[in-house]
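Asks: When you read off a place in the sequence shown, starting at 1, and then add 10, the result is the number in our numbering.
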Amino acid sequence: MGNEPTQELFRLLPKVDELLRRPAFAALAKDLPRPVLLHAAQVSIEELREEVAVGRWNPERLERAANGEEIERRVKAAVQVFESSGVARAVNATGVVLHTGLGRAPMARAAVEAAAEAAGYALLEIDRASGERGQRDLGLERLLKLLLGCEAATAVNNNAAATMIAVNAFAKGKEVIVSRGELVEIGGSYRMPEVMKAGGAKLVEVGTTNRTRIGDYRAAIGKKAGLLLKVHTSNFRVEGFTEEASLAELAALGRETGIPFVHDLGSGLVLDTPLPGLESEPRVIGSLREGPDLVTFSGDKLLGGPQAGILVGKAEAVKRVRKNPLFRAFRLGKQSLAALEATLRIYLRGPVAAIAEIPTLSMLAMGKEELQRRAESLLRGIQSLGHAEISAEIVEEFSEVGSGSAPGVKLPTYAVALRHEKLKAAAFAKRLRMANPPVFSRIHDNRVLLDPRTLIAGDESRIIAALADQVQPGP
Ligand SMILES: *Cc1c(COP(=O)(O)O)cnc(C)c1O
11 MGNEPTQELF RLLPKVDELL RRPAFAALAK DLPRPVLLHA AQVSIEELRE
61 EVAVGRWNPE RLERAANGEE IERRVKAAVQ VFESSGVARA VNATGVVLHT
111 GLGRAPMARA AVEAAAEAAG YALLEIDRAS GERGQRDLGL ERLLKLLLGC
161 EAATAVNNNA AATMIAVNAF AKGKEVIVSR GELVEIGGSY RMPEVMKAGG
211 AKLVEVGTTN RTRIGDYRAA IGKKAGLLLK VHTSNFRVEG FTEEASLAEL
261 AALGRETGIP FVHDLGSGLV LDTPLPGLES EPRVIGSLRE GPDLVTFSGD
311 KLLGGPQAGI LVGKAEAVKR VRKNPLFRAF RLGKQSLAAL EATLRIYLRG
361 PVAAIAEIPT LSMLAMGKEE LQRRAESLLR GIQSLGHAEI SAEIVEEFSE
411 VGSGSAPGVK LPTYAVALRH EKLKAAAFAK RLRMANPPVF SRIHDNRVLL
461 DPRTLIAGDE SRIIAALADQ VQPGP
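1) Does ligand 1 have even one heavy atom less than 6 Å from the beta-carbon of A170?
2) Is the beta carbon of A318 sitting closer than 7 Å to the one on L342?
3) Pick out whichever of K86, A115 and E151 has its Cα sitting closest to the Cα of A100.
4) Should I175 go down as buried or exposed, given a rule of 16 or more other Cβ atoms within 10 Å for buried?
5) Which whole runs of the alpha helix (DSSP H) in the region 367–394 are 4 residues long or more, in chain order?
6) Below 8 Å on the Cβ atoms is my guess for V6 versus P302; work out the distance and round it to an integer in Å.
7) Rounded to a whole number of angstroms, what is the C-alpha to C-alpha distance between N167 and V241?
8) By a C-beta neighbour count over all protein chains shown, 10 Å radius and 16 as the cutoff for buried, is K311 buried or exposed?
9) Here's the rule: buried if 16 or more other CB atoms are within 10 angstroms of the residue's CB, otherwise exposed. What is T283?
10) In whole angstroms, give me the CA-to-CA distance for A126 and A348.
11) Let me know if E406 comes out buried or exposed under the rule of 16 or more other beta-carbons within 10 Å of its beta-carbon.
12) Between which two residues does the alpha helix (DSSP H) containing A348 stretch?
13) Take N446 as the anchor and find which of E70, S94 and T16 has the nearest alpha-carbon.
14) Is any non-hydrogen atom of ligand 1 found closer than 6 Å to the C-beta of S471, if you look at the structure I gave you?
15) Applying the 10 Å Cβ sphere with the 16-neighbour rule, what's the burial state of Q482?
16) Rounded to the nearest angstrom, what separates A364 and R457 at their Cα positions?
17) Per the contact definition of three or more C-beta pairs closer than 8 Å, is the region 70–83 in contact with the region 435–446?
18) Where E300 and E470 are concerned, what is the direct C-alpha to C-alpha distance, given to the nearest angstrom?
19) In the DSSP assignment, find the alpha helix (DSSP H) that holds D469 and state where it starts and stops.
20) For M11, which residues of its own chain have a beta-carbon under 6 Å away from its beta-carbon, when the five flanking residues on both sides are left out?
21) Please work out which residues of its chain come closer than 8 Å, Cβ to Cβ, to G484, disregarding the five sequence neighbours upstream and downstream, and give them in chain order.
22) By how many angstroms is the C-alpha of Y227 removed from the C-alpha of E379?
23) Check whether the Cβ of V241 lies closer than 6 Å to any heavy atom of ligand 1, and answer yes or no.
24) What I want to know is whether the C-beta of S308 ends up closer than 6 Å to one or more non-hydrogen atoms of ligand 1.
25) With a threshold of 16 other CB atoms inside 10 Å of the CB of S346, please say whether the residue is buried or exposed.
26) In its own chain, which residues sit with a C-beta less than 8 Å from the C-beta of S453, not counting the 5 before and 5 after it?
27) Mapping the DSSP letters down to three states, classify Y131 as helix, strand or coil.
28) Can you tell me whether DSSP reads E79 as helix, strand or coil?
29) Is G113 near ligand 1 - that is, is its Cβ less than 6 Å away from at least one heavy atom of it?
30) Enumerate in chain order the residues of its own chain whose CB-to-CB distance from A229 is below 8 Å, with the five nearest sequence positions on each side excluded.
31) Among T222, E326 and L23, which one has its Cα closest to the Cα of R59?
32) Below 8 Å, can you find three or more Cβ-Cβ pairs linking the region 350–360 to the region 150–163?
33) Does DSSP put K240 in a helix, in a strand, or in coil?
34) By DSSP, does G183 sit in helix, in strand, or in coil?
If you want it as structure tokens, here you go:
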């Protein structure tokens, strides 16, 4: 196709203003901010322009599309895409409890309320008795000391930040000694070697991928040693012929040589009642007992709170973290801090309250009877839609902990398995994701699985609504 006919075709495309003046957009224009509508019109015209450029349109068809419903439909779809972008509620029917893509730990009601309360003015960095400037993490520290029996505690924005600030506070311009078997990549670009570099320290690897002994650490300690670091390899498992130095050995080596020892525990299990499948997951309190200077863990993994990186341990070590310039850069926002405190207050009331009120723990602890009851209730709801093209049944399946915590642990569950007569499972699952609110499922054996374990109050009717919408053909 030559250039000139293309130029002719381009002239058939409407101008943005002209397009938006059409009666088809009158209602939308009343509800939507003008920039959103402009953006949608520009995107749609540009889309057509690109199709013209690759020869997809002839003059008659293009003229009809540009003047009629085709382009209007595209603008409305572009508005829809824009309006459904950004952070919004979603239904997690995947059965992955700590689903990174869906926001990891769902917060307890008390934590949500505390965050909302703190959103206005709040007692944050002020001492109410004197009216003087205070410190934002003192309330949090009191709670963590009561709960874990540590000397001191603080928190930053996430556990990646907690590890980095520990590295920077103890080993800037020095060496961090880590086992080769623990050089984990957590996700994104969070790889231990990069964390060391960004933290201003040099990584010294000791041992081999599967075996590291305490003697390997000792041999690596030279004049420039700044930190002994042990990383809980939470997202993979080395099996077979393995050996690692124990926390107690490392803590003793640290005391003997005067080099601080930090344990990056990652998943941060605090609950002292065994959870099914997580019997061998290390606890924060167990790690503290072995005597490291600091233990770091996430707020939104097995703790079940907001995103945070918690540092607990010796008073001297926490003091150094607080004095580090990164502490100001990495500090927790008031809403996260309030939510974290509220979560810890639930733990203080004991394991029964924690399992009942912290969604992550309720989901992990949920028994098969409860799961079956929920699956049956969901199944009845779906069947009552009387959808001719969707068949549903209950199957025995497995949920996962997620977020790299407890890899390979399979939690038995009952899921509702759906089949759509006219759609492959992937297309059906996509339709559910495009619903409002979006429903995320799991695909297995060309079926869409809905796992009741990870549903929260109200999700069942949200799923039913998303499926009811499928009666009309989707976009
Ligand atoms: C998850 C994890 C991190 C990262 O924690 P975030 O809270 O996601 O920043 C660091 N170290 C370990 C061992 C982890 O498991």
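Every residue, glycine too, gets a C-beta built ideally from N, C-alpha and C. Model, not experiment: these values are computed from the prediction.
Replies: The structure says:
1) Position 160 of the sequence shown, counted from the first residue, corresponds to residue 170. Within the cutoff, so yes.
2) Numbered from its first residue, the sequence shown carries residue 318 at position 308. Numbered from its first residue, the sequence shown carries residue 342 at position 332. Result yes, Cβ atoms of A318 and L342 sit closer than 7 Å.
3) Taking the first residue of the sequence shown as position 1, residue 100 is located at position 90. Measuring from the Cα of A100, the nearest candidate turns out to be A115.
4) Along the sequence shown, one-based indexing puts residue 175 at 165. So I175 counts as buried.
5) 369–375 and 378–393
6) Because residue 6 is not part of the residues shown, which for the chain are 11 to 485, the question remains open.
7) Counting from one through the sequence shown, the residue named residue 167 turns up at place 157. Counting from one through the sequence shown, the residue named residue 241 turns up at place 231. Approximately 19 Å, taken between the alpha carbons.
8) For the purposes of this step, residue 311 is taken as residue 301 along the sequence shown, with counting starting at 1. That one is buried.
9) As a working mapping, residue 283 is identified with position 273 in the sequence shown. Under this definition T283 is an exposed residue.
10) On the sequence shown, residue 126 is found 116 positions in, with the first residue counted as 1. On the sequence shown, residue 348 is found 338 positions in, with the first residue counted as 1. Taking the straight line from one Cα to the other gives about 9 Å.
11) Translated into positions along the sequence shown, residue 406 becomes position 396. E406 is exposed by the Cβ-count criterion.
12) Residue numbering aside, residue 348 sits at position 338 when the sequence shown is read from its first letter. Start and end: K344 to L358.
13) Taking the sequence shown and counting its residues from 1, the one referred to as residue 446 is at position 436. It is S94 whose Cα lies nearest to the Cα of N446.
14) What you label residue 471 is simply residue 461 of the sequence shown in a count that begins at 1. Not so, every heavy atom of ligand 1 lies at least 6 Å from the Cβ.
15) On the sequence shown, position 472 is the one that residue 482 refers to. Its pLDDT being 49, under 50, Q482 is placed unreliably in this model, and the value from its coordinates should be taken loosely. Exposed.
16) One-based indexing of the sequence shown puts residue 364 at position 354. One-based indexing of the sequence shown puts residue 457 at position 447. Each residue's alpha carbon lies about 35 Å from the other.
17) no
18) The residue labelled residue 300 in the question sits at position 290 within the sequence shown. The residue labelled residue 470 in the question sits at position 460 within the sequence shown. C-alpha separation (whole angstroms): 45 Å.
19) Residue numbering aside, residue 469 sits at position 459 when the sequence shown is read from its first letter. D469 to A478 is the span of the alpha helix (DSSP H), which, as asked, contains D469.
20) As a first step, residue 11 is located in the sequence shown; it is residue number 1 there, counting from the start. Note on M11: pLDDT 47, under 50, position unreliable in the model; the coordinate value appears next. Result list for M11: G65, in chain order.
21) Stepping through the sequence shown from its first residue, residue 484 is reached at position 474. For G484, the predicted structure reports a pLDDT of 41, less than 50, and the residue's modelled location is therefore unreliable. The matter cannot be settled from this model.
22) Along the sequence shown, one-based indexing puts residue 379 at 369. Along the sequence shown, one-based indexing puts residue 227 at 217. Answer to the nearest angstrom: the Cα atoms are 49 Å apart.
23) Position 231 of the sequence shown holds residue 241. Yes - ligand 1 has a heavy atom lying nearer than 6 Å to the Cβ of V241.
24) Position 298 of the sequence shown, counting from 1, holds the residue named residue 308. Yes, the beta carbon of S308 sits closer than 6 Å to at least one heavy atom of ligand 1.
25) Looking up residue 346 in the sequence shown gives position 336. Buried, by the Cβ-count rule.
26) As a first step, residue 453 must be located in the sequence shown, where it is residue number 443. Note on identity: in this sequence residue 453 is Ile, with Ser being the wrong assignment. A435, A436, A439 and L459.
27) Position 121 of the sequence shown, counted from the start, is the residue given in the question as residue 131. Correct three-state label for Y131: coil.
28) Translated into the one-based positions of the sequence shown, residue 79 becomes position 69. Note: E79 maps to helix in three-state DSSP.
29) On the sequence shown, position 103 is the one that residue 113 refers to. Because no heavy atom of ligand 1 lies under 6 Å away, the Cβ of G113 does not count as near it: no.
30) Within the sequence shown, residue 229 is the residue found at index 219, counting from 1. Correct list, in chain order: V216.
31) Stepping through the sequence shown from its first residue, residue 59 is reached at position 49. The option with the nearest alpha carbon to R59 is L23.
32) yes
33) Within the sequence shown, residue 240 is the residue found at index 230, counting from 1. If DSSP states are grouped into helix, strand and coil, K240 belongs with the strands.
34) Indexing the sequence shown from 1 puts residue 183 at position 173. Coil.
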